[in-house]
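Quick notes on the structure that follows.
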Amino acid sequence: MLSRFRYPFPTLKNPFAEALQELTEHEWIDKEYRWLYQDDEATRLKYKRTQTAHIASQWFPTASYERLQPVCRLMLWTLYNDDIYEEALPEEIRQVHTRTIAILKGEMTAGESRLPLGQLLAALRMELSAFLTPGSLQRFVAALSSYFTGLEQEMSYKARKTFPGVEECLAIRENSLCLRPFLELADMETRQPLPDEIHDHPVMQRLMSLAIRMMVCFNEVQSVIKDEATDGIYYNVVKAIQHNRNLSLEEACLEDLHIHNEYLREFIHLQSFLPDFGKWQDVVINRVHYISMTLSGWKSISFNLPRYNSTDGFPAVNVLKQQKYR
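Structural data, given as structure tokens:
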């Protein structure tokens, strides 16, 4: 089924991928953040096998080593944060949300936050501030805030063991898959920050939304085994389709693919017939080109990742439950 998700976009990879994967594994996972899973070598190995720096390298193929490093740190944070709060209640997510954003805005120190990932967030803020304008950093923080909103909605449905409607599920996953924050970091790679009137233009926002939703559709098919194992079926789009439309799992996957292909057709149409952005036209064309490469890049690197394609590629639930109390 995954092979049927196809993109007419180039697939590039950053040449610093392997060097930053070594940094991720040997300096961050094995040293700086080792305490998170101090006595659990199996879990640390699973994080290494997820190849977070290689994922980041597919999304930011032309960034310098220094500019790719915070993206790699963010990528590792997304996995740690998702896993630590996999079993959290909505009110717990709300508290983590508030404190995370406070750290990224410089309004709270890592120590004051008492978050397990507080130091990681403080380091991320420092690195991003070196390369982003205040406006670009604000957009990134807003996107990360939306991620937590989606995560809280997911946990609400999971707690009630009910399914959202298909469109609502897509909207929730558009936030909770934590892809928009990475798209907002494109300013750092292109070194051409978009002014508000260009960034906020309905066509630009729709292109970003379509790209994210296509990755959601791919991810839901890919991660359905993981979601069934962790009781995450209530916010998996494929499972929501299956439940709401009374379909078999195979039929639901095919419907998910159909939705994806409709998004792809719209994306290509908008990319081909962009509005006139005046002196910003070439910059916008380049930005949309970068957005398109996240699709082929994500498929390229994630196709065989054990985190999504097996029942033992992610931390065990009993391990996850322990981390948020550390």
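In terms of full-length UniProt numbering, the sequence shown opens at residue 1 and continues consecutively.
C-beta: ideal position from N, C-alpha, C; glycine also.
Remember, predicted model here, so these are calculated numbers, not experimental data.
Residue range of the alpha helix (DSSP H) that includes residue i
| i | result |
| --- | --- |
| Leu257 | Leu249 to Ser272 |
| Phe218 | Pro202 to Gln222 |
| Lys279 | Element bounds for Lys279: n/a, residue is neither H nor E. |
| Ile84 | Tyr65 to Ile84 |
| Ala143 | Pro134 to Arg160 |
| Thr98 | Pro90 to Leu104 |
| residue 327 | Given a span of 1 to 326 for the chain in the structure shown, any question on residue 327 remains unanswerable. |
| Thr190 | Ala186 to Thr190 |
| Lys46 | Glu41 to Arg49 |
| Gln54 | Before going on, a small fix: residue 54 reads as His here, not Gln. That run of the alpha helix (DSSP H) goes Thr52 to Trp59. |
| Leu121 | Gly118 to Ser129 |
| Glu22 | Ala17 to Leu23 |
CA-to-CA distance, residue j to residue i, given in whole angstroms
| i | j | result |
| --- | --- | --- |
| Glu262 | Cys217 | 11 Å |
| Leu45 | Met75 | 16 Å |
| Leu170 | Arg213 | 7 Å |
| Glu112 | Asn236 | 35 Å |
| Met126 | Leu247 | 48 Å |
| Met155 | Thr24 | 29 Å |
| Thr133 | Asp282 | 21 Å |
| Arg265 | Val224 | 25 Å |
| residue 392 | Ile285 | The chain is shown only over 1 to 326; residue 392 falls outside these bounds and no answer can be derived. |
| Asp40 | Leu117 | 18 Å |
| Glu92 | Arg160 | 16 Å |
| Asp82 | Pro70 | 18 Å |
| His243 | Glu228 | 14 Å |
| Gln271 | Pro10 | 14 Å |
| Ala130 | Ile233 | 40 Å |
| residue 327 | Leu257 | Outside the shown range of the chain, which is 1 to 326, sits residue 327, and nothing can be said about it. |
| Leu151 | Ile103 | 19 Å |
| Leu121 | Ala110 | 8 Å |
| His199 | Glu189 | 16 Å |
| His260 | Leu68 | 29 Å |
| Ser176 | Lys158 | 14 Å |
Reduced DSSP category for residue i - H, G, I as helix; E, B as strand; rest coil
| i | result |
| --- | --- |
| Cys169 | helix |
| Pro181 | helix |
| Leu320 | Here Leu320 scores only 49 on pLDDT, less than 50, and its place in the model is too uncertain to base an answer on. |
| Asn14 | coil |
| Arg114 | coil |
| Arg287 | helix |
| Asp196 | helix |
| Tyr234 | helix |
| Glu107 | coil |
| Arg6 | coil |
| Thr62 | coil |
| Met293 | helix |
Closer than 8 Å to chain B by CB, residue i
| i | result |
| --- | --- |
| Gln192 | Absence of chain B from the displayed structure is noted, only one protein chain being present. |
Between the stretch 18-31 and the stretch 46-64, do at least 3 Cβ pairs fall closer than 8 Å?
-> For the pair of segments examined, the stretch 18-31 was found to touch the stretch 46-64: the number of CB pairs separated by less than 8 Å reaches three.
For this session: Evaluate the contact criterion for the stretch 87-102 versus the stretch 162-177: three or more CB pairs, one atom per stretch, below 8 Å.
Result: No, they do not touch.
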